[in-house]
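Numbering (the numbering used here), first residue to last: 348 to 635. Below is one structure; the comments refer to it alone.
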Amino acid sequence: MSSPRDTVVVDGKALSQQIRGELAEEVRKLAEAGRRPPCLAVVLVGDNPASASYIKGKRRACARVGMQSVERDLPASAGEADVLALVDELNRDDSIDGILVQLPLPDGVSATAVARAVDPAKDVDGLHPMNSGRLLQGVPGLYPCTPMGIIEVLDRHEIPIEGAHAVVVGRSEIVGKPVSLLLLHRHATVTICHSRTRDLPGVCREADILVAAVGRARMIQPDWVKPGAAVIDVGVNEVDGKLVGDVDFDGVQGIAGLVTPPRGGVGPMTITMLLRNTLQAYREHTGA
Ligand code: NDP
Numbered sequence: 348m349s350s351p352r353d354t355v356v357v358d359g360k361a362l363s364q365q366i367r368g369e370l371a372e373e374v375r376k377l378a379e380a381g382r383r384p385p386c387l388a389v390v391l392v393g394d395n396p397a398s399a400s401y402i403k404g405k406r407r408a409c410a411r412v413g414m415q416s417v418e419r420d421l422p423a424s425a426g427e428a429d430v431l432a433l434v435d436e437l438n439r440d441d442s443i444d445g446i447l448v449q450l451p452l453p454d455g456v457s458a459t460a461v462a463r464a465v466d467p468a469k470d471v472d473g474l475h476p477m478n479s480g481r482l483l484q485g486v487p488g489l490y491p492c493t494p495m496g497i498i499e500v501l502d503r504h505e506i507p508i509e510g511a512h513a514v515v516v517g518r519s520e521i522v523g524k525p526v527s528l529l530l531l532h533r534h535a536t537v538t539i540c541h542s543r544t545r546d547l548p549g550v551c552r553e554a555d556i557l558v559a560a561v562g563r564a565r566m567i568q569p570d571w572v573k574p575g576a577a578v579i580d581v582g583v584n585e586v587d588g589k590l591v592g593d594v595d596f597d598g599v600q601g602i603a604g605l606v607t608p609p610r611g612g613v614g615p616m617t618i619t620m621l622l623r624n625t626l627q628a629y630r631e632h633t634g635a
């Protein structure tokens, strides 16, 4: 029998600080060269407290790396036409490099229609079909933030992706599908699982890299994890007022080679990739 191993717990906060430091340095050099800072526009529709808090965090993160941000709020009563008109205004505004419309949107406002309305060059969430198409084809574009954060976690921990069997649980447009494509482009053998997958535990046990993006508290059990696997937990679930992931974090200790914690794991990396996308959009927009 193999002895229990030490599981590396990813410090997404520290990793984010490191990358944000690198981004801040790039922004500082732009200022030194007499250029304006990159600017992100965030749109909040309605008064969802969680959304307001996410937006606050994103704006604070921008400020800390020397980027600008502007917030545009619309009331919960706003219709789709109001949101589309605001997006159109921001698309035309030359001082704006990136546009983020915070989800979820109120009933009656289609997230798909809004994603399609954002100028693909300012689409820092990577949700416009043009950017999805670029990701599918493996050509440069603005890609979704959480999937890019996951790849960054793997790379910065020197987890080999090429030739690895990556199992992604979840097939959403925002996490599951794009992270599967990113892993595929890096030459992993990718299995995408979802609610109709047969023998999910058995498939997960095959994974060298296991990504859980489901939204079901502690669904991934310790005996679903291959010893030594890198386990990336994207899930955000609340149980008895506590944040828990899709993975049984305590249970996989001593089994997984690496695991991201429910708090301070993938979350900070997502915001960091938003900053990186904003800088990328700025560079393409301004030619800097
Ligand atoms: P979605 O609800 O859009 O997708 C969930 C996926 O999980 C679907 O593909 C669904 O399958 C699958 N699924 C549901 N139940 C099961 C099951 N029993 N077995 C296998 N698969 C199942 O979620 P998101 O991708 O948007 O988000 C996933 C989680 O990640 C959420 O908790 C969310 O809050 C979190 N999140 C965290 C982020 C971060 O920065 N930390 C960013 C984005 C999301 P099917 O398609 O068949 O319905």
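Each residue gets a CB set at the ideal place from its N, CA and C atoms; glycine is no exception.
Enclosing alpha helix (DSSP H) for residue i [first to last residue]
i: E520; result: Neither: E520 is in no alpha helix (DSSP H) and is coded neither H nor E.
i: P376; result: Strictly speaking, residue 376 in this sequence is Lys, with Pro absent from that position. Run containing K376: 359–379, per the alpha helix (DSSP H) assignment.
i: A388; result: Element bounds for A388: not the alpha helix (DSSP H) but the beta strand (DSSP E), 386–392.
i: I497; result: 492–503
i: L590; result: Here L590 belongs to no alpha helix (DSSP H); instead the beta strand (DSSP E) covers 589–591.
i: G430; result: Reading off the sequence, residue 430 comes out as Val, not Gly. From DSSP, the alpha helix (DSSP H) with V430 extends over 427–439.
Residue span of the beta strand (DSSP E) that contains residue i, given as start and end
i: A554; result: Neither: A554 is in no beta strand (DSSP E) and is coded neither H nor E.
i: R419; result: 415–421
i: V461; result: No beta strand (DSSP E) holds V461; the alpha helix (DSSP H) holding it covers 458–464.
i: V561; result: Taken as a continuous stretch (DSSP letters only), V561 belongs to no beta strand (DSSP E), as it is neither H nor E.
i: I539; result: 536–540
Collapsed DSSP secondary structure at residue i in the structure displayed
i: N584; result: strand
i: R448; result: First, the amino acid is wrong: residue 448 is Val here, not Arg. Strand at V448.
i: T607; result: coil
i: I618; result: helix
i: A397; result: helix
i: I579; result: strand
i: V486; result: coil
i: A340; result: Since the first residue shown for the chain is 348 and the last is 635, residue 340 is missing from the structure and cannot be characterised.
i: D570; result: helix
i: L526; result: Reading off the sequence, residue 526 comes out as Val, not Leu. V526: helix per DSSP, three-state reduction.
Exposure label - residue i; buried when at least 16 CB within 10 Å
i: K589; result: exposed
i: V586; result: exposed
i: R503; result: exposed
i: A576; result: buried
i: G426; result: exposed
i: D444; result: buried
i: K524; result: buried
i: V687; result: The structure shown has nothing for residue 687, since the chain only spans 348 to 635.
i: H475; result: buried
i: A378; result: exposed
i: S457; result: exposed
i: Q627; result: buried
i: G634; result: exposed
i: P491; result: buried
Chain B within 8 Å of residue i, Cβ atoms only
i: I602; result: Of the protein chains in this structure there is only one, and it is not chain B.
Does the segment 386–406 come into contact with the segment 542–557, if we say contact requires no fewer than three beta-carbon pairs (one atom in each stretch) closer than 8 Å?
no
Is the segment 492–512 touching the segment 451–467 in the sense that three or more CB pairs, one from each, lie closer than 8 Å?
no
The segment 354–369 touching the segment 611–626, judged by at least three CB pairs closer than 8 Å
yes
Three or more C-beta pairs under 8 Å: does that hold for the segment 568–582 against the segment 530–540?
no
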